Every structure is written in structure tokens, then in C-alpha cells.
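Take a look at the structure below.
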Amino acid sequence: MLPVFTAPLALFGLLTLPALAAIYLLHNRSRPVPVSSLLLWVDARVAPDGGRRVDRLRPPLLFWLELLLLLLLVLAAAGPHVPTATGARPLVVVLDDSFSMQAGEPASPRKRAADALLDELRRAPRDSVRLILAGDRPQLLGEGTHRGTEVGPLLAGWTCQSSVAQLDAALALARELGGDLATVLVLTDRAPDPPPDTGRLRWWAFGTARPNWALVNASRTPGPRGDRLLLEVANLAAEHRTTTLRVEAGREVRDTEVRLNPRETHRVVLELPADPAPAVRASVGGDDLPFDNTVTLVPAGRKLVRYDLRLGEPNLRSAVDRAVQATGAATPAADRPHLVFLDATAEVPEGDDTWVVRVLAEPDAEAYTGPFVLDRSHPLTDGLSPNGVIWGGGKSPLPGAPVVMAGNVPLVTDAEFPAGRHELRLRLRLDVSTLTESPAWPALVWNLIHWRAAHLPGLDRTNVRVGEDVTWTLTTRSGAVEVKRPDGETVTLAVRGRRATARADRSGVYSLRAGTETIEFAANPLTRDESDLTACATGRGGDDHDPTTLRLEYRDVAWALALLAATGLVLHLWLVSRASGTGGRR
């Protein structure tokens, strides 16, 4: 760290130094010469002290002393503070862990940011340094606090593979960990918005705006004749460009030329054969950020929900059956169904694997037009909008947690049992309702079928984005699940209620094993905002030279300069008086 001046405007006083030199340059220097008489002198006038002729400067000792006094006084007035040997203020470093920090290897923003941090710690050592990775969720890099000399080895864990950098959440964690005294330093490739002011926050950006090709969306869904592949390629640049999209499915390779205008996205839909390769790999041409140029998609396991209709009213039975069949994820089965629709008084079938939807056609039903209150955290309400619907139902209390209500009257409730089985109650009188004729009805049934399918044995999703969670429902109970990550590392997950959740924090294919059961899923970046490098920038903002920093990490040396100036002034007065006493001149 360099010295800091708290009153930098006082440095304008340095203009007095050339003024002093000018005085001595224009000064006609003469010395008294004793003579016996002035009778023969033509002009006996005393020479003036000043003039317009510039003489060669032969400064006496008093000039240098006066110059030093002016310099000391100006510097003292500017309020100089010099850094202490070791920074007493804690340092919390927020590291942008998103994959855009890999662009331009080997001189990537991540490499330049790490070098700048280590150089800063060499120039200004710290007794306390903490590192926080800002990915899709903030996390500490290393345990506890570290000295500045210990930071280098920890940076090996800064891999920059997250699909997004939650800098705001990481900053909140940094301020909580560091307390009121800590300096927070952000290392990223983007400019802050808005720029930080003087205080605790410092923002260093090391990005470079550059064009980029990226696969911004990819999915693989099962179909009647094979898997359906959807890919989206984006030209994240300011000019028209061309690339090649390659799709590898086993031995079959398809190359497609893609020409896109600036910032344009191209969608490709492919039908794979009924027996495709276990994994499909898609890629685009190389550039400065290869991380988002390739995706891997594994087969999406098809889950079919076996359902049974035990409803007496024909119209209601038909409405439910049409909506269930439209989902394409259910098949009728009277034997061991996963989901059964019952009348109000029908008996619940045995088995913890059978979920129940009890449809209540109450005699005292009323027509409700809203306002409808929905529990948006429940899977049944995903995208559901019953506005404008007339919903017929009774008023009596229902067991279970309310999912949809008309005012304070529950229309749909959900009761969960310890074994994981759910029993739902749905109020529905067709003669006073328009629900089954509205878009809300197929949406409600769609959510129900896919919610039930997510609890069937297997993965809830097989192709996800980096940073998402994948839940595996086992066929039999197991104590643990072994997960082999894309980098080869193996971790163990606990199983609760035949379900284990794995986090996809790296791009690639994950293998899961529990006893004799094995399964795979793939994670891909697929984040357009992170792949867009045109907004990357380089610069430094923020300043921690606030009163707290000056008090903890700097020493005020104005008093020392003032003391030296006072000593020099005494010496100056002594020299002047000594010269006057001997009759000399400067």
C-alpha cells in the first residue's frame, strides 16, 4: 500500500518551491568590500537586491534549508498517513466462480485475478484472510481464517465451473463473516452496477469483451419413435458469423452449418432412433471459452404412472380420464396402481405406494368465483391459474394442508403420511362448476401426474443444468448412495425414505450406485447470460481508505514532519542571526 494524504489539496502548496527558486535566481547577489575612500568612485549608489537579469544560481545553505522547510510544511498540511507493516483490518475476498472466468486461457480473468490478489497480499500482508466462492450459492473456500501467505494453495479450489455467480449473496455472507471492520474485495470479470463508493468494498474486474459461440439450451425427451433432441445455438457477438454444429449419437455423426446474425439464436430439433447411444454429445466450433461449446445428454428414462378410476359419476370419470391421458405419462392399471381416483365414500386401497385423490361431489356445494388462494410452493399449483373459473364445492373443513382455497374455504387439500403416501381431497360438483372446461383443469391434472411420477423409482430428471439438484428414488431401501462425479471423485450420499439427492456442481456425466442399482445423469452449463462475454470489462473500483482503515492500518506522520519543520526553522533563524552578527549577506 502507498502513503495516503487526507488533505490532498494542500499539495498545491508545492508551487511555492519553484517560486522560492525564482526569487534566488532573480536576486543580485553582492557582498560588501571595504575600501579606503569613495572619492574616486563614479557611482556610489548601493546596488538593488533584485533585478530582471537571471544569474546562474549558486544557492547558499539557507536556500536549501528554506526549500526543505516549505516541503515539510506542505506535506504536513496534506495529512500524510503511511501503512503499517501488517494490515490489521480483516480481508474477505469474494471470488467469481462462474465459467466465464475461464475465457481466454491461459491469460484468463481467473488467472489475472489470482495473480493480482497474491501480489496485493505480498505488498500488504494480512493477518486474517477469508475466501468465498460466488457460484450458484456462496460457500467458503477453506475453513476459518488464514494468513496472507496461506492463500496461494487455497486458490487451487477456485475452478470457475458454476453456471452463475450469485455475487449479491456472496457479498452478504462476506459482510456477515467479516464484521464491521473487514475489507471486502470482489474479483470478477464484470463491472459493478452501481460502482462502489469509498468504504469497505473494493471491486476488481479482469474481464475482456470478446465474441463467443455457446449452446444455451439442450434437452432430450422420450417419444413414441425414439428420443427427441432440442438444441439452441447462440452467436453472442456483434458480427455475423458461421460455425458447425456436430451431434454425435454413437457411430452416427451429423454436421450442420449454422450461420447467425449478431446475438441471434438458432434452434435445432432432431429425432433420434428408437435405440440411440447411451449418451449424445453436441458441440459447436471452438473459441475463447470452450466450456459452453459442448453438451452431453443421457437417455431420459420414461416413467409411466399407473392409475385407476373408481368414480361412479360417468361425466366426472370421463373428464378425469381425458385429462390424465392427455399428459402422455400415465397408463390405466387396476392392479397395484400408483394413483387412484376415488369417490367420497370408497375404501382406500392397501399399499404405501398408492396415492389417493378423493373427489368430493357434496350436496351442499356452492359456486365459488374467487378470489382463489394458492399455495405456490406446492407441486400442484405450478403454472395453475384458476382466475375466471367457477368452482363448485362445499364449506365443511377438510383434513390435510390447503393447496387451493376460495377465500377461507379449502377446495384442494393434501395429507402426507409417514410412509410418503399422499391423500388429496378435491371438491368438485360438475353441475355448478366450469373447472373441467377451463385450461386450469388439464394443468391441475398434469401437475398431479408429473408430481406422482417424480416419486416413482428412478431419477426425477436425467439432464439438468449445472447447479441443480437431482433426486433418485430407489426401488428398495438402502443406507447410502455412491456418486462418481465427472472429475472422477467419489462421494457418498445419505438415503432418506428411499430417496437421495445429488447436487450437479460440475459439468459432465454423474454415475450413481446403490447396491445393485445404477443410474446416470448429465449436467451442462446452458446459461446464456454467463456465456455472453460482450459485457466483460477490466477496471478497479472502490476504496477502503475510510476513517476505520486509516485508524487500523495507517500511521499519521504529520506531527513528525511538523516537528522536523520546527527544528529546521530554529536552525534557519540561528544561521540568519549568525550571518547578521558578522556583517555578511546571503
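Each residue of the sequence shown is one higher than the one before, counting from 3 in the working numbering. Don't be surprised by glycine CBs; every beta carbon is placed ideally from N, CA and C. As the structure is a prediction and not an experimental result, all values here were calculated from the model.
Exercise. Can you tell me where the beta strand (DSSP E) with T494 in it begins and where it stops?
Worked result: For T494, the enclosing beta strand (DSSP E) stretches over residues 492-496.
Problem set entry | Euclidean distance between Cα positions of R588 and L64 | In this prediction, R588 has a pLDDT of 43, which is less than 50 and means its spatial position is unreliable; nothing more can be read from the coordinates.
Problem set entry | Check whether E532 and A506 have beta carbons under 7 Å apart | Cβ atoms of E532 and A506: not closer than 7 Å.
Problem set entry | Closest residue to D170 among S110, Q141, A115, A567 (Cα-Cα distance) | Q141
For this session: Would you list, in sequence order, the uninterrupted alpha helix (DSSP H) runs of no fewer than 4 residues that lie entirely inside the segment 247-305?
Result: none
Problem set entry | Sequence ranges, alpha helix (DSSP H) only - wholly within the segment 107-183, length at least 4 | The DSSP assignment places complete alpha helix (DSSP H) segments of no fewer than 4 residues inside the segment 107-183 at 111-125, 153-156, 169-180, in order along the chain.
Exercise. Who are the near neighbours of L75 in its chain, counting only those whose CB is closer than 6 Å to its CB and skipping five residues on each side?
Worked result: For L75, where only same-chain residues beyond five positions count, the Cβ hits under 6 Å are A567.
Exercise. Would L274 pass as a contact of V260 if the rule is Cβ separation under 7 Å?
Worked result: no
Exercise. Apart from the five residues just before and just after P412, which ones in its own chain have a Cβ nearer than 6 Å to its Cβ?
Worked result: Apart from the 5 residues on each side of it in sequence, P412 sits with its Cβ closer than 6 Å to the Cβ of L400, P404 in its chain, given in chain order.
Exercise. So is D354 buried or exposed if we call it buried at 16+ other beta carbons inside 10 Å?
Worked result: exposed
Problem set entry | DSSP state of L573 mapped onto helix, strand, coil | helix
Exercise. Cβ atoms of A193 and V186: under 7 Å apart, would you say?
Worked result: no
Problem set entry | Backbone CA spacing between T371 and D416 [nearest angstrom] | 22 Å
For this session: Spell out the partners DSSP gives P404 in its beta bridges.
Result: In the DSSP output, where bridge partners are listed per residue, P404 has T415.
For this session: Tell me whether the beta-carbon of N465 lies closer than 7 Å to the beta-carbon of R91.
Result: With respect to R91, N465 sits apart: the two C-beta atoms are not nearer than 7 Å.
For this session: Spell out a yes or no on whether the segment 521-529 and the segment 439-458 are touching, meaning 3 or more CB-CB pairs, one atom from each, closer than 8 Å.
Result: No: the two stretches stay apart, fewer than three of their Cβ pairs being nearer than 8 Å.
Problem set entry | Nearest neighbour of T296, chosen from A564, G303, V218, R253 [CA to CA] | Taking only the C-alpha atoms, the option nearest T296 is V218.
Exercise. What is the residue span of the alpha helix (DSSP H) that I25 lies within?
Worked result: Where I25 is concerned, the enclosing alpha helix (DSSP H) stretches over 18-27.
Problem set entry | Inter-residue CB distance, L458 and A220 (contact presumed, cutoff 8 Å) | About 24 Å; that fails the 8 Å criterion.
Problem set entry | Burial state of E621, where buried means 16 or more other Cβ atoms lie within 10 Å | With the chain covering 3 to 588 only, the question about residue 621 has no answer from this structure.
Problem set entry | Cβ pair D462, T473 closer than 7 Å | yes
For this session: Quick one: grab the DSSP three-state call for H424.
Result: strand
Exercise. Measuring CB to CB, does L362 end up less than 7 Å from R429?
Worked result: yes
For this session: Quickly, what does DSSP pair S100 with across the bridge? List them, please.
Result: S164
For this session: Determine the extent of the beta strand (DSSP E) in which E368 is found, giving its start and end residues.
Result: 368-370
Exercise. Alpha helix (DSSP H) containing A12: first to last residue?
Worked result: Taken as a continuous stretch (DSSP letters only), A12 belongs to no alpha helix (DSSP H), as it is neither H nor E.
Problem set entry | Among R265, A281, A184, the one whose alpha carbon lies nearest that of T244 | R265
Problem set entry | Coil, strand or helix - N317 by DSSP | helix
Exercise. If T267 sits next to C538, beta carbons under 8 Å apart, how far is it from one beta carbon to the other, in whole angstroms?
Worked result: Actually they do not touch by this definition, with Cβ atoms about 20 Å apart.
For this session: Check whether the Cβ atoms of N317 and L450 sit closer than 7 Å, and answer yes or no.
Result: no
Exercise. Below 7 Å between beta carbons: does that hold for D310 and A336?
Worked result: yes
Problem set entry | DSSP beta-bridge partners of D310 | V342
Exercise. Just checking my contact of L19 with L72 at CB under 8 Å: how many whole Å lie between their CB atoms?
Worked result: 6 Å
Problem set entry | Option in R508, T494, G510 with minimal Cα separation from G517 | T494
Exercise. At which residues does the alpha helix (DSSP H) containing V447 begin and terminate?
Worked result: 442-456
Problem set entry | Unbroken beta strand (DSSP E) run spanning D234, endpoints | One point to set straight first is that residue 234 is Glu, not Asp, in the sequence displayed. From DSSP, the beta strand (DSSP E) with E234 extends over 228-238.
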